[in-house]
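Remarks on the structure that follows.
Protein chains in written order, with this note's numbering: chain A, 374 to 1346; chain B, 22 to 178.
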């Protein structure tokens, strides 16, 4: 239990951990997805930033280049018109006018001016020509310099710089020096422009005197320099204009730097301290045409790019899906767990139930067995008590006790059987048995009761059922006994009829019956309404119409049309035989409401049944189990107050032919064969009953002719006599069997008179013996003086045979008829000395008795050794009967020793002196005959092998004895 | 009076015999045994039967002791005993005893201990029944002989 709790706890923790893990995994997925989408959108923003930045840089560069080109053009203009014309064609007015009119071409330049190169030596001349003093940037007269660069022409917008020496400004001076050295446009670093106060740069262009080669040296360039053209770029407004032209300028922050000195970039545009979204930016290089200076443009977003909505919604959706999936899995898992747990519990309960069931069965078996053992003692003692001298009361008490005890034993046996079946311990054996004798036995068991009640009890076995079958005779008998017992118990009038057919055969008949079903049923209905007798065994209606004469006749005729020889089915059919056994009665029937629990143990139709009829109701359930064990099934048809018909099938095996014949001798009740050819006439109104009687008589070899009334008898006899006359002359006696209900004293008297008359006339040789068949004691009184014998039903072949023997005197006749056999036996055995060896005293005594009867002098020996000592040569015996199975030394061994002894003696005789007078024999050979109970071929061969001369079966049969003895003994007579 | 008694006894005997035959307790062999009885051996039947009872009781006792212990049961010995019992039973015509013996032997051949025990119980029961009935028969026979003797005595003398 504690383990389970621990397991539960662990499981609970595990489950919790799983939930947490799942949720965190989902959150992880959410975060991952979110980041991914953001990354993608960022990259897109970055890309667009790059492209926008590049675009701005290129435009700026282009516009700048355009402006530079114009300045270049101006430089050429100045050189052309100022220096190559004499006098110069250019003056301040023209320059200002021209530059003002072409200002639209240089939107970026706030203005342009031209400064002439003046060396110090030329200053005075220059100043006088121009009429003003060269001034410094601070508007002071310029101090003495090596050279000067005073502005002589300027655009109107920047006219304030006229006469200012450009060399005096630090940046401008540097610019001028670089420009004249390179011959290209150069830029200053950004600074605050005069006037606008905007950040700007100054562009300076050198103007050379003409004739300078393209690849001139620096000194040459300096020498050739005439002046400098300069212009101020207002970078701030330049960039602002540019950005204004472009879309999306709100979003982007642009900074332009001069990075000539990489360590401290100078801001050309934009705030000194960059703001906006700092995390990413793009830098584009700018080329303004000055190789010395380097500029770059840096762009960034003014605001952080917004997080796209999809970065929230998509992962959220996925998260929800994940949670749902997790929940579904969890629920499924939970359910699976519950179901598994339930299943385990069920399994446990099932095991417990099964164990309880087995325990119950074992308990029953044990207890039953334990009760049975002392009960047997009680019964045995009661038996012995009944053997003693008791007065009537005592005897009555003891008998009652015995009956009760027997009932108890049978009940216990049934319970034990039931328990064994339930425990699966009951095994069906497979031994050869004779079905017919088993049925005879069962019938005999109930004969007393049936006679008492006056019930017709009959059995019929189809000819097609093999004589010997393999199966469990005990269990088979048990089933039939149970069914017949029930029937006898619940039947007060009418009949009980047991039939055995082959199942497949019976089925074909039933099918045939179904075809004519409608007619049959309507006919039946009519019969019921008119109330006439039914064509059944006793004339009473039966629950199942199977046994009506119509049907039965069909079965019979079917049997006759098919070859009935036992050889044929043996050859043609499989090993298995399915028998169908029907037990039909005309008892009280089973109420409809109880029919479905007939096979339930301890369940009778109702509680009053056991009061009235006794019994426990376990028998049928056992029968059902047994039938199922035999591979068949049992069912029934029952109608209250009409009767019940129980039908069951059982699968048995055919016996081998060779083994069959041997087994038959051992198993079957030996029916006398002396009635072969006897004829009988049966008077019976009921064809079914007639067929049953015929079946029993045919087993005895009696041929039967059936007539329905007594008046037809003379004709039948006539017919037989006709046969007699026509040549097949036979002295076989004739028997007239009459059913008790056909018996009428008057009619009988008539018949007898007629028969006597006929005999006197010589029409018949012998008056047939009249046999009356009765079912109850009371019918016996009907028998008048004309009846030779009364046979009580139920019929049993051996009983009938005994009665017939008595009435026909065949038993006596045998001795009379066959004086030859007996006489010859007497002749053969008379006065002979015979040794009988058998360890079984009873057999010894009987064998001795038989042999003595034929006049032999018998000596007995109880073992092989005794026989050997008696047979020491020379001896007086003429023959020896030797039992085969004996302890210590069996018959074979004894015979071998005897033969050995004899051969030695013969040898000695031949070598030794002439034989004595008494024994004229030259060679000893004592005929030894084996006595054995099981006469099978193997035994016979072994007999011959060890030197025996033949065998006789036990118990002795006269003919066989004669046959065996005749070969070896020479009759004295 | 006495003569009537003898006739009644004879009828009773016949009825008893018929019953035994009908129940399959006895068979034709018993009749043959009776036929063997004649003047030369007047007590042949009872002699044989009493030998039979003596031997059978011995055998039954042996069988019972052989089957006492489930573990060490000598089925071979049981078979030998059964063969003896079967032989003698068939000689006297004790049919039902013999049939039971057959089943018993089948059980012993299968080493089926419980089957053997069951068969033994049935066998003992059958045997007791046979014994009782035959005793009854012989008692009647004796009475009949006595009655007949009493009846015929005057005639003889």
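The beta-carbon is built from N, C-alpha and C at its ideal position, and this holds for glycine as well. Owing to the predicted nature of the structure, the values given are computational and were not obtained by experimental measurement.
Once DSSP output is grouped into helix, strand and coil, what is the label at residue i?
i, result
"residue 671 (chain A)", "strand"
"residue 1336 (chain A)", "helix"
"residue 1324 (chain A)", "strand"
"residue 1125 (chain A)", "helix"
"residue 368 (chain A)", "Any property of residue 368 (chain A) remains undetermined from this structure, which presents chain A solely from 374 to 1346."
"residue 1148 (chain A)", "coil"
"residue 1261 (chain A)", "coil"
"residue 1052 (chain A)", "strand"
"residue 521 (chain A)", "strand"
"residue 136 (chain B)", "helix"
"residue 426 (chain A)", "helix"
"residue 121 (chain B)", "helix"
"residue 1103 (chain A)", "In this predicted model, residue 1103 (chain A) has a pLDDT of only 46, less than 50, meaning its place in the structure is not dependable; the value taken from the coordinates is given anyway. The answer is coil: DSSP assigns residue 1103 (chain A) none of H, G, I, E or B."
"residue 1160 (chain A)", "coil"
"residue 829 (chain A)", "strand"
When the Cα atoms are used, what is the spatial distance from residue i to residue j?
i, j, result
"residue 769 (chain A)", "residue 160 (chain B)", "20 Å"
"residue 577 (chain A)", "residue 670 (chain A)", "22 Å"
"residue 1257 (chain A)", "residue 1326 (chain A)", "11 Å"
"residue 410 (chain A)", "residue 393 (chain A)", "26 Å"
"residue 1273 (chain A)", "residue 1252 (chain A)", "17 Å"
"residue 1143 (chain A)", "residue 41 (chain B)", "25 Å"
"residue 1217 (chain A)", "residue 962 (chain A)", "55 Å"
"residue 1337 (chain A)", "residue 1242 (chain A)", "25 Å"
"residue 133 (chain B)", "residue 1001 (chain A)", "22 Å"
"residue 1140 (chain A)", "residue 1130 (chain A)", "10 Å"
"residue 839 (chain A)", "residue 863 (chain A)", "32 Å"
"residue 661 (chain A)", "residue 562 (chain A)", "12 Å"
"residue 757 (chain A)", "residue 1066 (chain A)", "40 Å"
"residue 111 (chain B)", "residue 1224 (chain A)", "17 Å"
"residue 1194 (chain A)", "residue 1179 (chain A)", "Interpretation of residue 1194 (chain A) is limited by its pLDDT of 42, a score under 50 that renders its predicted location unreliable; the figure taken from the coordinates is listed afterwards. Taking the straight line joining both Cα atoms gives about 21 Å."
"residue 1282 (chain A)", "residue 1172 (chain A)", "58 Å"
The beta strand (DSSP E) that contains residue i, what's its start and end?
i, result
"residue 1020 (chain A)", "1016-1027"
"residue 825 (chain A)", "Residue 825 (chain A) -> not in any beta strand (DSSP E); alpha helix (DSSP H) instead, spanning 820-826."
"residue 1107 (chain A)", "1107-1112"
"residue 952 (chain A)", "949-958"
"residue 805 (chain A)", "804-807"
"residue 596 (chain A)", "Where residue 596 (chain A) is concerned, there is no enclosing beta strand (DSSP E), although the alpha helix (DSSP H) it sits in stretches over 591-597."
"residue 1233 (chain A)", "1230-1234"
"residue 750 (chain A)", "Premise fails: residue 750 (chain A) lies in the alpha helix (DSSP H), 683-760, not in any beta strand (DSSP E)."
"residue 1079 (chain A)", "1076-1080"
Could you tell me which of the options sits nearest to residue i, measuring between CA atoms?
i, options, result
"residue 440 (chain A)", "A:410, A:1208, A:603 and A:913", "A:603"
"residue 706 (chain A)", "A:1057, A:660 and A:388", "A:388"
"residue 860 (chain A)", "A:781, A:993, A:756 and A:792", "A:993"
"residue 841 (chain A)", "A:803, A:523 and A:877", "A:803"
"residue 646 (chain A)", "A:634, A:626 and A:834", "A:626"
"residue 1165 (chain A)", "A:1265, A:773 and A:826", "A:826"
"residue 115 (chain B)", "B:167, B:52, B:127 and B:47", "B:47"
"residue 966 (chain A)", "A:1005, A:1012, A:974 and A:948", "A:1012"
"residue 1069 (chain A)", "A:596, A:831 and A:1278", "A:831"
"residue 1264 (chain A)", "A:1234, A:1248 and A:1280", "A:1234"
"residue 740 (chain A)", "A:713, A:563, A:789 and A:716", "A:789"
"residue 62 (chain B)", "A:1279, A:1319 and A:1228", "A:1228"
"residue 684 (chain A)", "A:753, A:408 and A:613", "A:408"
Which first and last residues belong to the alpha helix (DSSP H) in which residue i is found?
i, result
"residue 551 (chain A)", "543-555"
"residue 179 (chain B)", "The displayed coordinates of chain B run from 22 to 178. Any statement about residue 179 (chain B) would go beyond what the structure contains."
Just checking residue i against the ligand FMN - is the residue's beta carbon closer than 7 Å to any of the ligand's heavy atoms?
i, result
"residue 561 (chain A)", "Judged by which ligands are present, the structure shown has none, so any question about the ligand FMN falls away."
Answer yes or no: does any C-beta atom of chain C fall closer than 8 Å to that of residue i?
i, result
"residue 820 (chain A)", "In the displayed structure, chain C is absent; the protein chains listed are A and B."
Completely contained alpha helix (DSSP H) runs for the stretch 428-514 of chain A, where each covers 4 or more residues: Within the stretch 428-514 of chain A, the complete alpha helix (DSSP H) segments of 4 residues or longer fall at 465-474 and 496-503, listed in chain order.
In chain order, each beta strand (DSSP E) run of at least 3 residues that lies wholly inside the stretch 26-81 of chain B: Within the stretch 26-81 of chain B, no beta strand (DSSP E) run of at least 3 residues lies entirely inside it.
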